[in-house]
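Residue numbers (the numbering used here): -11 to 120.
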């Protein structure tokens, strides 16, 4: 009976992990599209102030990357809970040899979005105050 409960918990954790990973992808896609459309719209509405669209799109990218980072951390915590649950089911000790210290594709995507957002904000500030 206890093993059936652990298997059900493992399945629930796996579903939660898939959910957070799909939300991560959706948030990244929405953030990129929204930042692009916001930058284009503000450039069309306020053409005399080119720093405004850059800073608005950059801030949108930074905020979206922060939300995606929180989702990635939730997915990773579900994965760690799945590993401990599986080691309880199988009776094998939880080995750390299979865990990689490399950042992974999702973390690299986050780094790119953060870099793009910070670059947009800094370039907008540079255009506004220094390149007059």
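Glycine included, each C-beta is placed from N, C-alpha and C at the ideal position.
- Shortest Cα-Cα distance from residue 115 to any of 16, 52, 20 and 43 involves 43.
- Inclusion of residue 41 and residue 52 in the CB contact set at 9 angstroms is not warranted, their separation being larger than that value.
- In the DSSP assignment, residue -6 falls within the alpha helix (DSSP H) that extends over -10 to 33.
- Taking all protein chains shown into account, residue 6 has fewer than 16 neighbouring C-beta atoms within 10 Å of its C-beta and is therefore exposed.
- Per DSSP, the unbroken alpha helix (DSSP H) holding residue 64 starts and ends at 39 to 78.
- Looking from the CA of residue 101, the closest CA among -9, 119 and 16 belongs to 16.
- When 45, 29 and 68 are compared, the shortest CA-CA separation from residue -3 is found for 68.
- The C-beta distance from residue 62 to residue 8 rounds to 5 angstroms, short enough to meet the 8 angstroms contact threshold.
- Going by beta carbons, residue 108 and residue 49 fall inside the 9 angstroms limit.
- Looking at the backbone, the Cα of residue 74 and that of residue 111 are separated by about 48 angstroms.
- With respect to the C-alpha of residue 92, the residue from 113, 31, 35 and 64 having the closest C-alpha is 64.
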